[in-house]
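4 protein chains.
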Amino acid sequence: MTDKNTDKRTALLSATLDLVSNHGFHNAPMAKIAKLADVSAGTIYNYFSNKQDLVDSLYLHIKNEFTNAAFQGYDEEKPVKEGIKLIWFNMIEYKMANPKQANFLSQCEDSQIVSASVREQALEHLQPLLNLWERGQGKGVIRDVSPYLLYAYMVYPLSFFVAVKKRDEFHLTSEMQQHSFEMAWSAITIK
Amino acid sequence: MTDKNTDKRTALLSATLDLVSNHGFHNAPMAKIAKLADVSAGTIYNYFSNKQDLVDSLYLHIKNEFTNAAFQGYDEEKPVKEGIKLIWFNMIEYKMANPKQANFLSQCEDSQIVSASVREQALEHLQPLLNLWERGQGKGVIRDVSPYLLYAYMVYPLSFFVAVKKRDEFHLTSEMQQHSFEMAWSAITIK
Amino acid sequence: MTDKNTDKRTALLSATLDLVSNHGFHNAPMAKIAKLADVSAGTIYNYFSNKQDLVDSLYLHIKNEFTNAAFQGYDEEKPVKEGIKLIWFNMIEYKMANPKQANFLSQCEDSQIVSASVREQALEHLQPLLNLWERGQGKGVIRDVSPYLLYAYMVYPLSFFVAVKKRDEFHLTSEMQQHSFEMAWSAITIK
Amino acid sequence: MTDKNTDKRTALLSATLDLVSNHGFHNAPMAKIAKLADVSAGTIYNYFSNKQDLVDSLYLHIKNEFTNAAFQGYDEEKPVKEGIKLIWFNMIEYKMANPKQANFLSQCEDSQIVSASVREQALEHLQPLLNLWERGQGKGVIRDVSPYLLYAYMVYPLSFFVAVKKRDEFHLTSEMQQHSFEMAWSAITIK
DNA sequence: CATGAATGAGAATTCATTCAT
DNA sequence: CATGAATGAATTCTCATTCAT
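Chains as they are written, first to last, in the UniProt record's numbering: chain A, 1 to 191; chain B, 1 to 191; chain C, 1 to 191; chain D, 1 to 191.
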């Protein structure tokens, strides 16, 4: 029974992800979500209190998944560069392997579709990276600038790759990933 | 008479910009746009054929404004670094001075609210920067990578500053702008 | 449950019929239809995909009802004159007993309010009459002319009676019906 | 100057006719009419007090044109059959030569697009035919039935030919016209 | 008279949400 | 819990008509 519940919840989140990332937040009406999840429209409200809650929940879910992936295999003992490299490649790998999720996250960053409060919550997940940067700054490796700047040059560009990839303009080969990491690393480190 | 026409058109574009950048594409119904522009709802359709056309027009208008600002004072004789620096600071200056416009552009990049065809049109405006990169690559200054990568590390991060600034989390001081440019420059150049 | 569904659908068709036949196709907005059917405006779209579909469905429904009435008691063994007489009186009886339906059909014949494809569909129902005419022609009773001509003089005039009756200018008594049939019969037969 | 006035009025009537007969009464907005007449939207209201007046005027104009054509060459001295034949062929000729007008009239007969009062006015034009029928009845040639019946079998069927012709289903050849007249004549006369 | 931008009521349609079954 | 018909407010867009120029 619990499984079934979980199944429906998951199916709804998944359907929402599909629709929003493929057709935009508008063009993702509850009726379509329900149909795609193979569930009745009314059932949604047994799992989510309203559409905002559904979207917020999806955002949190994916953000969590993403951060878990990002820190996969990472521990705080690792040398700074190795840690950064691991995290960076984890991130790009997740985004390439999960384009819908990546696209959804991008859409959420710049728009108002996710509640402000929820977006703030999600920031906390990033703490290990903040710590790592701080450690790197202590060691004189990472530039002594606001984490916002570090984020802007290490993490944020990844969204761009997803956006253009989605429009089939561009595909990031693994060689390009290497270059891209070098560029990120050059940006955030002291030469 | 021409003035009046231009006025209303401009007022409508401006109202759309206000609403979309402050409250998102949804929550920007035509009725609100009309009211904010101090115009009757039906009047919108004297200037734009439908909502998509209104949004597309706004996008093109702003993109054009942005690119004009970006290339202000630039000529192709300039040394590579000087040119890049000029363009980069032009861009950040425009975005800081015009947060609504900047925010609107960000929203458009990752979502489906602007027509694909219009977004493609807008790309052409970037040509001078592409040429400059190529020149820099020819001189062995700029990394020999896809312009997508160069864009991702030189231009794209600017959007992030706007996004967080909007949420009052962060303000990019002029010192930070200096650092930020150095980071961008490090990313795209051969050390 | 099925009853309720059918009820609402029927109520909507009936309301549409009322409004269109009494006030014309324009002056039959969806809101009025809904109100007359004692149903919410949005409910219409649970039963019909749009206004065109609603009108088309109504047309098919009535045309079907009309043709059923027309061929009531008819079988292909009947002598030609008897068959024609039966059908003709069935038709006039239906139209007199159902002036709204008759009027609606008239409105549809000459205007663009019903989809071309649907109007074509409806033609098939007339097949038995075409067969009967052919049989009559084979026997040298019915004029050897295009069925369009036969239709024009046997069936089409009935619409006129409905049109004028509706404006209270004229009522077709049963004696007149007799005369009218004789006129139709004279028109389509070889003297 | 008077010519110009007349020109614009005529152009507007003509544009209305075009649009209504080709695309139906709905799909004939004032703006389109104005554009097709090469006139400003506001100008319409210098010639007609509103849309209803425009349509009514068009109806009267065409009905008048039609009746003039119908009685072309007719005088009350003519023998009954000759008179009827002349009028009948005048009518069919007009309708075949002026399909838009014919179609417009058909649309008006069965719908509510023309004011009731105006439709009544138009009936008066038919007086000479009523007189002719009466004369024929006096002579024992024409059936002694209501003029409504005579109209239904002599005049009304012509509308049908126009309706089907418009849909390209059928074309009335001159041989068919002969047959059709014979059918009409058989219908309305005493054998 | 002519223009055509402006109006705003009203049209068709959508959609998040509710609730009886 | 699940259903899905029903709701009605909200949305986009149309259109007859007006009026300042």
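Cβ coordinates follow ideal geometry from the N, Cα and C atoms, glycine included.
Under 7 Å, do residue i and residue j count as touching if we go by C-beta distance?
i	j	result
B:Ala41	B:Ala31	yes
B:Tyr156	A:Phe160	yes
B:Phe25	B:Ile84	no
A:Tyr148	B:Phe170	yes
A:Leu150	A:Ile92	no
B:Lys63	B:Ala122	yes
B:Asn90	B:Ala70	yes
D:Ala102	D:Val55	no
B:Gly136	B:Val80	yes
So, under 8 Å CB-CB, residue i and residue j are touching, yes? Tell me the CB distance rounded to an integer number of Å.
i	j	result
C:Leu86	C:Leu13	Actually they are not in contact, since the Cβ atoms of C:Leu86 and C:Leu13 sit about 28 Å apart, beyond 8 Å.
C:Tyr47	D:Tyr153	Contact flag wrong, Cβ pair sits at about 41 Å.
D:Ser186	C:Ser146	The Cβ separation is near 16 Å, so there is no contact.
B:Gln107	A:Ser111	5 Å
A:Ile190	A:Arg143	6 Å
A:Val39	A:Lys8	6 Å
D:Ser117	D:Gln52	Not really, about 11 Å apart at Cβ, beyond 8 Å.
In its own chain, which residues sit with a C-beta less than 8 Å from the C-beta of residue i, not counting the 5 before and 5 after it?
i	result
C:Ala28	Thr16, Leu19, Val20
B:His61	Leu13
A:Ile33	Leu12, Ala15, Thr16, Leu19, Ile44, Leu54
A:Gly73	Leu86, Asn90
B:Leu105	Tyr59, Ile62, Lys63, Phe66, Ser159
Between which residues of its own chain and residue i is the CB-CB distance below 6 Å, once the five residues before and five after are set aside?
i	result
C:Thr67	His125
D:Leu100	Residue identity differs from the one stated: residue 100 of chain D is Lys in this sequence, not Leu. Contacts found: Leu17, Ser21.
B:Leu132	Gly83
Which of the three DSSP states, helix, strand or coil, is assigned to residue i?
i	result
B:Ile142	strand
D:Thr67	helix
B:Thr6	helix
A:Thr43	helix
C:Thr173	coil
Would you verify that the beta carbon of residue i is, or is not, closer than 7 Å to some beta carbon of chain B?
i	result
A:Pro147	no
residue 197 of chain A	In the structure displayed, chain A extends from 1 to 191; residue 197 of chain A sits before or after that span and is not available.
A:Met183	yes
A:Gly24	yes
A:Ser117	no
residue 192 of chain A	As shown, chain A starts at 1 and ends at 191. That puts residue 192 of chain A outside it, with no answer to give.
A:Ala187	yes
Could you check whether the Cβ of residue i sits closer than 7 Å to any Cβ belonging to chain C?
i	result
D:Asp18	no
D:Met154	no
D:Glu175	no
D:Gln127	no
D:Ala163	yes
D:Ala31	no
D:Asp110	yes
D:Ser21	no
D:Ser180	yes
If you measure from the beta carbon of residue i to each beta carbon in chain A, is any gap under 7 Å?
i	result
B:Pro157	yes
B:His171	no
B:Ala70	no
Quick one: residues in its chain with C-beta nearer than 7 Å to the C-beta of residue i, no 5 flanking neighbours on either side, listed in chain order?
i	result
B:Lys165	Pro99, His171, Leu172
C:Trp88	Met154, Phe181, Ala184
A:Leu36	Ala15, Asp18, Leu19
Counting only beta-carbon atoms, is residue i nearer than 7 Å to chain D?
i	result
C:Phe160	yes
C:Met96	no
C:Thr2	For C:Thr2, the pLDDT reaches just 44, beneath the cut-off of 50, and the residue's location in the model is therefore unreliable, although a value from the coordinates is still provided. No, because no Cβ of chain D sits closer than 7 Å to the Cβ of C:Thr2.
C:Met61	Correcting the residue type first, residue 61 of chain C is His in the shown sequence and not Met. Output row for C:His61: interface = no.
C:Ala122	no
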